[in-house]
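Heads up: the structure comes next, in structure tokens.
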Amino acid sequence: MLSRIKQKLQRGELLVSGDEWPVFVYHGYTYDAEDPWNGAFRSQLLVKAFKFVFTSPSSVDKDPKATRSGNARLHDMTSVTPASVAYIATQVRFSLCSSSIFSRTDNVTDSERFYNSVLETFMDPDDSDEVAKLIDWWNRQVFPGHLLTSERLVNKDSALARIKERRAQRKALREAGNIGAPRQ
1 MLSRIKQKLQ RGELLVSGDE WPVFVYHGYT YDAEDPWNGA FRSQLLVKAF KFVFTSPSSV
61 DKDPKATRSG NARLHDMTSV TPASVAYIAT QVRFSLCSSS IFSRTDNVTD SERFYNSVLE
121 TFMDPDDSDE VAKLIDWWNR QVFPGHLLTS ERLVNKDSAL ARIKERRAQR KALREAGNIG
181 APRQ
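If you count the sequence shown from 1, position 81 lands on 81 in the numbering used here, and the numbers rise without skipping.
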């Protein structure tokens, strides 16, 4: 059965629609029909492709050895976006197909429809919790130092903490009676 489908695909007798997602977008390359979000867009292939394109080819390795800034740094990209995940998934999908030309109007790869179906899913308000978890997961994979500002705790003995404390004290004094307010 699979060999017959493969032959039809190769001969162009069977086309894969852009809204049919390949298993490479799933963790472990396994689709869960009961829970389609389970592992969706969490495959290591996608993570490696994302790093290759956005952070640098060598960042795919455990010990990155980049000598130049990657695209993410050049464009002040400090976190993953739903559109960037959809873009990488589209690029990987295209690179695994037999088509030699990337085109919006290509009916064989249907890349534009694929990209839009992924992005539409990511932007659906009903899936916002799943997407937030997914983007958080991606940020930990690609930008390991990425934390939400609210998650970063300032060490109470640090210089920054002491500056903030003194600033707050001066502000409180000024507001209490204009003590220490700049003279006019």
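The C-beta atom is built at its ideal place from N, Cα and C for all residues, glycine as well. Computed from a predicted model, the values in this text were never measured in an experiment.
- Spatial neighbours of Q141 in its own chain (CB-CB distance under 6 Å, excluding positions within 5 residues in sequence) are listed in chain order as V47.
- A33 sits in coil when the DSSP states are folded into three classes, being neither helix nor strand.
- Distance between K8 and L14, taken at the CA atoms: about 5 Å.
- With respect to Y31, S43 sits apart: the two C-beta atoms are not nearer than 8 Å.
- Using a 10 angstroms sphere on the CB of G177, the tally of other CB atoms stays under 16, which defines it as exposed.
- Your pair G18 and R113 checks out as a contact, with CB atoms roughly 3 Å apart and the cut at 8 Å.
- Leaving aside the five residues that flank W37 on each side, the residues in its chain whose CB is nearer than 6 Å to its CB run, in chain order, E130.
- Per DSSP, the continuous alpha helix (DSSP H) segment holding N139 begins and ends at 128-142.
- V80 sits away from N116, with the two beta carbons spaced by 8 Å or more.
- Looking at the DSSP output, A40 shares a beta bridge with Y26.
- Note that the C-beta distance between A86 and F143 is not below 8 Å.
- When E34, Q10, L96, L119 are compared, the shortest CA-CA separation from P22 is found for L96.
- Residue range 111-123 is occupied by the alpha helix (DSSP H) that includes T121.
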